[in-house]
Amino acid sequence: MTSPFFFNPLDAATRRDPYGLYERGRREHPVFLHEGLPLRVASVFRYEDVQAILRDAETWSNEFPLSVQVRELGDIPPPSMLGTDPPAHTRLRSLVGKAFTPRIVSRLEPRMRELARELVDAALDAREVDLVEALTYPLPVVVIAEIIGIPPQDRAMFKRWSDEAIASLGLVFFGGLDPERIARQRRLFDEMRGYFIPLAEEKKRRPQEDLLTGLVQAEHEGSKLSYDEMLSMLVLILVAGNETTTTLIGNAALELLAHPGEAKRLRDDPRLLPTAIEEVLRFSSPVQFDPRRAKRDVELHGVAIRENDYVLSWLGSANRDERVFEQPDVFDVGREKNPHMAFGFGPHFCLGANLARLEARVAIGTLLERTRRLERTGSELLPLHPSPVFKAVTKLPLRLDPA
Ligand code: HEM
Numbered sequence: 054m055t056s057p058f059f060f061n062p063l064d065a066a067t068r069r070d071p072y073g074l075y076e077r078g079r080r081e082h083p084v085f086l087h088e089g090l091p092l093r094v095a096s097v098f099r100y101e102d103v104q105a106i107l108r109d110a111e112t113w114s115n116e117f118p119l120s121v122q123v124r125e126l127g128d129i130p131p132p133s134m135l136g137t138d139p140p141a142h143t144r145l146r147s148l149v150g151k152a153f154t155p156r157i158v159s160r161l162e163p164r165m166r167e168l169a170r171e172l173v174d175a176a177l178d179a180r181e182v183d184l185v186e187a188l189t190y191p192l193p194v195v196v197i198a199e200i201i202g203i204p205p206q207d208r209a210m211f212k213r214w215s216d217e218a219i220a221s222l223g224l225v226f227f228g229g230l231d232p233e234r235i236a237r238q239r240r241l242f243d244e245m246r247g248y249f250i251p252l253a254e255e256k257k258r259r260p261q262e263d264l265l266t267g268l269v270q271a272e273h274e275g276s277k278l279s280y281d282e283m284l285s286m287l288v289l290i291l292v293a294g295n296e297t298t299t300t301l302i303g304n305a306a307l308e309l310l311a312h313p314g315e316a317k318r319l320r321d322d323p324r325l326l327p328t329a330i331e332e333v334l335r336f337s338s339p340v341q342f343d344p345r346r347a348k349r350d351v352e353l354h355g356v357a358i359r360e361n362d363y364v365l366s367w368l369g370s371a372n373r374d375e376r377v378f379e380q381p382d383v384f385d386v387g388r389e390k391n392p393h394m395a396f397g398f399g400p401h402f403c404l405g406a407n408l409a410r411l412e413a414r415v416a417i418g419t420l421l422e423r424t425r426r427l428e429r430t431g432s433e434l435l436p437l438h439p440s441p442v443f444k445a446v447t448k449l450p451l452r453l454d455p456a
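See below:
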């Protein structure tokens, strides 16, 4: 007799290695209704179902009245594009799309390389470092700050804001969003508003080639962003663009350490870097689940989903689906057919995907180029990120030997 299927995304052992449960979920429980949670929440594991949900904004909404609880606490900014459905989403996405041009992103590549080189060289001088502190965290923070147009002396605040904004992500689905956390989020918005509104005024007076200037100027069919919409956008970019990229670079280092044969293959042929990064995105997806709210009653694989139920689409499971990927549990830096959904799918597909890819290639490329060997120091379990959305560790102690 098989044991009952039980999937608890807050359980640390599950978070460290969810793949056995994902596989069983895909096989036996493609739709799993969680029990004992304050909200009605179902998890979905198969690639085909995840894709169908993310593509269909008519049935599956990104607008969560959950945030009403937060809203009652006072004056906080309106939902960002991530928290809206078309047509509101279309307007917001188009406005930021106009400011977040490939030109702004590609202009940063030389600076990104220089920064990665400085960080890796400092790590090499120290010989033993926490790679998160030394490289994976600072690189995306500085890149985002430069894209937005934040003066260098203000960047330290960014780390605190970013950590604060992200810590409670996804907890609400599992009953973990307490009043203290909500109050902290409110303080964060107040602080950010106090910082960004004068900065935006300054960009209006003296336009620069940066995202904040672009947001101040962007217009869509005669409508502009309000300051509060702009603030929501900046919080989103801070949340969506920092931790995710930190995680991707860290997971790449972890998988290369865990698969020395693949690491050697990549060192011997750096042209594999793009497919290697796509493989990390698939194999160890930074964002593990993507939530939606049902706009009507739906039946999925015989399970009744009611209007206003929440459905978590497990990207981390879809990306290991044996119906789509050959040998899904093999880490292959040269994998050719790799239609992973680590950046989501459909109308909310990640706006920063190309930036994240570029940063990861630059960071890992520089790390491999300038070292002969990387080695884990210590054998303790690495601490997990506080949010269940992320497949991430917050420390990665390493020894680096120079090339
Ligand atoms: C490895 C790094 C990254 C991963 C894994 C990632 C993942 C995702 C995912 C899964 C979504 C879809 C959310 C949904 O369907 O509800 C998303 C959306 C988004 N991402 Fe990323 N992201 C990354 C990096 C970035 C960066 C660097 C930025 C910007 C600087 C960014 C900005 C956004 C924005 C603005 C959205 C919302 C798009 C919309 O609602 O239309 N992301 N991201």
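Each residue of the sequence shown is one higher than the last, beginning at 54 in the working numbering.
For every residue, glycine included, the Cβ atom is placed at its ideal position computed from N, Cα and C.
Quick caveat, the model's predicted, so the values are computed rather than measured.
Collapsing the DSSP output to three states places residue 388 in coil.
Closer than 7 Å to some heavy atom of the ligand HEM: that describes the Cβ of residue 293. The ligand HEM has no heavy atom closer than 7 Å to the beta-carbon of residue 355. Within a 10 Å sphere around the beta-carbon of residue 256 sit 16 or more other beta-carbons, which makes this residue buried.
In this structure residue 95 touches residue 86 by the C-beta definition: roughly 5 Å separates them, less than 8 Å. Residue burial is scored here from C-beta neighbours: residue 401 has at least 16 other C-beta atoms within 10 angstroms and is therefore classed as buried.
Between residue 451 and residue 421, the C-beta gap is not smaller than 8 Å, which leaves the two residues out of contact. Rounded to the nearest whole angstrom, the CA to CA distance from residue 348 to residue 376 is 28 Å.
Here the distance from the Cβ of residue 329 to the nearest heavy atom of the ligand HEM is not below 7 Å. Taking the C-beta atoms as reference points, residue 444 is found no nearer than 8 Å to residue 267. Annotation: residue 232 to residue 357 spans about 31 Å, alpha carbon to alpha carbon. Three or more pairs of CB atoms, one per stretch, sit closer than 8 Å, so the segment 186-201 contacts the segment 410-424.
The closest heavy atom of the ligand HEM lies 7 Å or more from the beta carbon of residue 372. In the DSSP assignment, residue 417 falls within the unbroken alpha helix (DSSP H) covering 406-423. At least one heavy atom of the ligand HEM falls within 7 Å of the beta-carbon of residue 343. Residue pairing by DSSP places residue 183 opposite 450 in a beta bridge. With a cut-off of 7 Å, the C-beta of residue 245 is classified as distant from the ligand HEM, since no heavy atom of the ligand falls inside that distance. When the Cα atoms are used, residue 456 and residue 288 turn out to be separated by approximately 39 Å. A residue is called buried once 16 or more other Cβ atoms fall within 10 Å of its Cβ, and residue 115 is buried on that count.
Distances from the CA of residue 351 to each of 362, 371, 342 were compared; the closest alpha carbon is that of 362. Going by C-alpha positions, residue 225 is about 11 Å away from residue 117. Every alpha helix (DSSP H) stretch that sits fully inside the segment 224-309 and reaches 4 residues is listed by chain position as 232-258, 264-270, 280-294.
If you draw a straight line from the Cα of residue 253 to the Cα of residue 265, it comes to about 7 Å. 8 Å or more divides the Cβ of residue 184 from the Cβ of residue 169. Here DSSP, grouped into helix, strand and coil, assigns residue 63 to coil. Annotated three-state conformation of residue 193 is helix, per DSSP.
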